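Chains F and D are the protein sequences, given in the same order.
All residue numbers for the first sequence refer to the numbering used here, where the first residue is 1 and numbers rise by one.
All residue numbers for the second sequence refer to the numbering used here, where the first residue is 1 and numbers rise by one.
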Amino acid sequence: MTTPSDAIDERGFSPRYRRLGRRRIYASLGTALALCCAAIAAGALLVILFYVAVQGIGAINWAFLTQLPHPVGVPGGGVGNGILGMLIIIGLATAMAVPLGLLTGIYLALFGRGAIPEALRFLSDVLSGVPSIAIGLFAYAVLVAPLKHFSGFSASFAFMMLMLPLLVRTSEQAIRSVPQTVREGALALGMSNFRATMFIVLPTARPAIITALLLAIARVTGETAPLLFTAFGSQFWETSPNNPMAVLALQVFNYAISPYPNWQQQAWGGALLLIVAVFVLSLGARFMLRRAMRGLDA
Amino acid sequence: MSPADRGFAAIVYGGSVLFALLIAGLFVELVLGSWPSIAAFGPSFIWKSSWDPITSKFGALPMIYGTVVTSFIAIALAAFVGIMAAVFLADFAPRWLATPLSFLIELLAAVPSVVYGLWGLFVLAPFVRTTIGPALQHALGWTPLFSGPIYGVGLLTAGIILALMIVPTVTAISRDVIAAIPRDLREASASLGTTKWETATRVVLPAARVGIFGACVLGLGRALGETIAVTMVIGNRPEISASLFAPSYTLASVIANEFTEATTGIYISALIELGLILFVVSIIVNALARLMIWSVRGSRA
Numbered sequence: 001m002t003t004p005s006d007a008i009d010e011r012g013f014s015p016r017y018r019r020l021g022r023r024r025i026y027a028s029l030g031t032a033l034a035l036c037c038a039a040i041a042a043g044a045l046l047v048i049l050f051y052v053a054v055q056g057i058g059a060i061n062w063a064f065l066t067q068l069p070h071p072v073g074v075p076g077g078g079v080g081n082g083i084l085g086m087l088i089i090i091g092l093a094t095a096m097a098v099p100l101g102l103l104t105g106i107y108l109a110l111f112g113r114g115a116i117p118e119a120l121r122f123l124s125d126v127l128s129g130v131p132s133i134a135i136g137l138f139a140y141a142v143l144v145a146p147l148k149h150f151s152g153f154s155a156s157f158a159f160m161m162l163m164l165p166l167l168v169r170t171s172e173q174a175i176r177s178v179p180q181t182v183r184e185g186a187l188a189l190g191m192s193n194f195r196a197t198m199f200i201v202l203p204t205a206r207p208a209i210i211t212a213l214l215l216a217i218a219r220v221t222g223e224t225a226p227l228l229f230t231a232f233g234s235q236f237w238e239t240s241p242n243n244p245m246a247v248l249a250l251q252v253f254n255y256a257i258s259p260y261p262n263w264q265q266q267a268w269g270g271a272l273l274l275i276v277a278v279f280v281l282s283l284g285a286r287f288m289l290r291r292a293m294r295g296l297d298a
Numbered sequence: 001m002s003p004a005d006r007g008f009a010a011i012v013y014g015g016s017v018l019f020a021l022l023i024a025g026l027f028v029e030l031v032l033g034s035w036p037s038i039a040a041f042g043p044s045f046i047w048k049s050s051w052d053p054i055t056s057k058f059g060a061l062p063m064i065y066g067t068v069v070t071s072f073i074a075i076a077l078a079a080f081v082g083i084m085a086a087v088f089l090a091d092f093a094p095r096w097l098a099t100p101l102s103f104l105i106e107l108l109a110a111v112p113s114v115v116y117g118l119w120g121l122f123v124l125a126p127f128v129r130t131t132i133g134p135a136l137q138h139a140l141g142w143t144p145l146f147s148g149p150i151y152g153v154g155l156l157t158a159g160i161i162l163a164l165m166i167v168p169t170v171t172a173i174s175r176d177v178i179a180a181i182p183r184d185l186r187e188a189s190a191s192l193g194t195t196k197w198e199t200a201t202r203v204v205l206p207a208a209r210v211g212i213f214g215a216c217v218l219g220l221g222r223a224l225g226e227t228i229a230v231t232m233v234i235g236n237r238p239e240i241s242a243s244l245f246a247p248s249y250t251l252a253s254v255i256a257n258e259f260t261e262a263t264t265g266i267y268i269s270a271l272i273e274l275g276l277i278l279f280v281v282s283i284i285v286n287a288l289a290r291l292m293i294w295s296v297r298g299s300r301a
């Protein structure tokens, strides 16, 4: 029995089917809309990259990479000390964050059942959402205010805090993803838990951990906010982390908001360097991740 | 347990305890640092709107207002674009297109904040002053939101920059959440004769609703705490005005801008209290977001 709305027309189609044409048009429009949104998101990156590359490339030369900043009004000069400071500060931060992050990751992976590890995981996730400027205030309160001077080391401390959450959670997952049989095999051969973890499990998990480390370094490479009141900046070739240090990202910030065209030009050059560094690190992380995946398949 | 194992366990425990202490220390230090300000101004700090270092009268309202407005603009712009992009990447795009597009959007997340700020200051702000601003004023100038002089730097410019910065977050997490929706649902929907678009908008998106909302809240959390890019384009003025073209201030940018210049103890303490407010708010926002994302995708994924 058919109701009027289901009546079949002269071509043999029900009204419901005739509406399909309109539904198909909606579907095409919708798909186009979704494509546009994806294109906007990806296009934004290309636009920013384009500007930074065009404006920045002119500023980059050997002197820019190797010289000290010149005073206002003196043309030329570079960000050599900022690059050096960045490397020292990130190196120190990595040296502190890797052991601590790994140990916590190992703890969560091996002993990680119950309320305390669950709380630790939650804290780690909370830390990853804390604004970097608040972490900078912490570094200031712990390492700058009591010593009464700014220092590169306090910046390293802030960077370490920023790197930790990613390292902790990724090393936990990397260690967990090493098959239990591998660990049991090592234990069956008479290895202690310590040796099995250090020499069998960790090396297996290494590519994934290096991926996380590269991403963590990429995250802090462009980080500027906590540097304002930790590393503070310097006009000299400062190599002692006990003193205020120049950092590339901080120089970009200071030059960008300065009224001098020469400095603004250098800000674009510095921004280009930062972007290249961050992209190389991200690409490296992607490459390592692919290796990590392959390693687990094998 | 062998001595080596016992030592190993001790070191591992020690590291974890240190990690927990660092996070606890972060909170404790922020509270201690802001104590003089909390003692002096009490809870009225949050709703007082004077910010005057000369007379040492501090209230956080203008910065809270600036933070809320810029973050709201950002999420309003980023949510739609991000969710649609996620739908496209997860359900519509062929693999050869989805992989490079995802990669580009992920790189967008890696661009340093200071680079966004630089671009915002020299490209976006002039564009807002000469093109976007006048167009909006022409169309909607009768509302207080779009009236008044257009400086280029201000709430709207900061909101747009923030939107660009959080689109990758919203897109990446929404895509993961959408991809985690069981295939059965899509197949059941397709078997009823729906188009792909209908399946995506009426079956998959409603099923992923909570997780996508979580992705947006996580993006909001990023926007609230973002510092350097906002500091460069918001104009840095502790005032509350209805116009989106007006310069303003956010919690994070006032700290970035004034902390090293603060001379009196109470001034520094007031700035740290702003940091404490930011810290507490971002913890609440992030915890909410994670609970929502986990409810769809699972915590391990």
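Note that CB positions come from ideal geometry on N, CA and C, so glycine has one too.
Note that the structure is predicted; figures quoted are calculated from it, not measured.
Does the beta carbon of residue i sit closer than 8 Å to a beta carbon anywhere in chain D?
{"i": "F:F229", "result": "yes"}
{"i": "F:A249", "result": "yes"}
{"i": "F:G222", "result": "yes"}
{"i": "F:A298", "result": "Reliability fails at F:A298, whose pLDDT of 44 lies under 50, so the model's placement of it is uncertain and no value is given."}
{"i": "F:F193", "result": "In the sequence under discussion, the amino acid at residue 193 of chain F is Asn, which differs from the Phe named in the question. Output row for F:N193: interface = yes."}
{"i": "F:F287", "result": "no"}
{"i": "F:S282", "result": "yes"}
{"i": "F:F236", "result": "no"}
{"i": "F:F199", "result": "no"}
{"i": "F:A141", "result": "yes"}
{"i": "F:R24", "result": "yes"}
{"i": "F:Y51", "result": "yes"}
{"i": "F:V126", "result": "yes"}
{"i": "F:S154", "result": "no"}
Going by the beta-carbon positions, is the gap between residue i and residue j smaller than 8 Å?
{"i": "D:S340", "j": "D:A229", "result": "A query on residue 340 of chain D cannot be resolved here, the shown segment of chain D reaching from 1 to 301 and no further."}
{"i": "F:L166", "j": "F:L227", "result": "no"}
{"i": "D:F27", "j": "F:T104", "result": "no"}
{"i": "D:G235", "j": "D:S248", "result": "yes"}
{"i": "D:F58", "j": "D:F72", "result": "no"}
{"i": "F:G56", "j": "F:A271", "result": "yes"}
{"i": "F:V278", "j": "F:T230", "result": "no"}
Within 10 angstroms of its Cβ, does residue i collect 16 or more other Cβ (buried), or is it exposed?
{"i": "F:Q251", "result": "buried"}
{"i": "D:E226", "result": "buried"}
{"i": "D:Y267", "result": "buried"}
{"i": "F:N193", "result": "buried"}
{"i": "D:R300", "result": "With a pLDDT of 47 at D:R300, under the threshold of 50, the modelled position of this residue cannot be trusted; read the value that follows with caution. Per the 10 Å Cβ criterion, exposed."}
{"i": "F:A298", "result": "Low local confidence applies: a pLDDT of 44 at F:A298 is under 50, so the model's placement there is unreliable, and no value is given."}
{"i": "F:E172", "result": "buried"}
{"i": "F:V74", "result": "exposed"}
{"i": "F:Q235", "result": "exposed"}
{"i": "F:Q180", "result": "exposed"}
{"i": "F:P259", "result": "exposed"}
{"i": "D:A86", "result": "buried"}
{"i": "F:Y51", "result": "buried"}
{"i": "D:R175", "result": "buried"}
So that I know if they touch, is there some Cβ in chain F lying closer than 8 Å to that of residue i?
{"i": "D:L118", "result": "yes"}
{"i": "D:G15", "result": "yes"}
{"i": "D:D184", "result": "no"}
{"i": "D:R297", "result": "no"}
{"i": "D:I173", "result": "no"}
{"i": "D:W197", "result": "yes"}
{"i": "D:A20", "result": "yes"}
{"i": "D:R290", "result": "yes"}
{"i": "D:T227", "result": "yes"}
{"i": "D:G211", "result": "no"}
{"i": "D:V233", "result": "no"}
{"i": "D:G221", "result": "yes"}
{"i": "D:D5", "result": "yes"}
{"i": "D:G33", "result": "yes"}
{"i": "D:I11", "result": "yes"}
For the ligand SAH, I want to know if residue i counts as a neighbour, meaning its beta carbon is within less than 7 Å of at least one of the ligand's heavy atoms.
{"i": "F:L187", "result": "Of the ligands one can find in the structure shown there are none, so the ligand SAH has no counterpart to examine."}
I'd like the ranges of any alpha helix (DSSP H) spanning at least 4 consecutive residues and lying wholly in the region 13-94 of chain F. 15-18, 20-57, 62-66
Count Cβ pairs between the region 207-214 of chain D and the region 149-163 of chain D that sit closer than 8 Å; are there 3 or more? no
Are at least three pairs of beta-carbons, each pair with one atom in the region 94-112 of chain F and one in the region 196-205 of chain D, less than 8 Å apart? no
Could you tell me which whole alpha helix (DSSP H) segments of length 4 or greater appear in the region 137-208 of chain D? 155-179, 183-191
Three or more C-beta pairs under 8 Å: does that hold for the region 170-189 of chain F against the region 276-291 of chain F? no
Report the start-end ranges of each alpha helix (DSSP H) in the region 213-270 of chain D that is 4 residues or longer and not cut off at the edges. 228-233, 251-258
Enumerated in chain order, which unbroken segments of the alpha helix (DSSP H) with a length of 4 residues or greater are wholly contained in the region 106-155 of chain F? 115-129, 132-139
Does the region 8-17 of chain D come close enough to the region 133-150 of chain D to have 3 or more Cβ pairs within less than 8 Å? no
Of all the beta strand (DSSP E) runs that stay within the bounds of the region 12-41 of chain D, which reach a length of 3 or more residues? none
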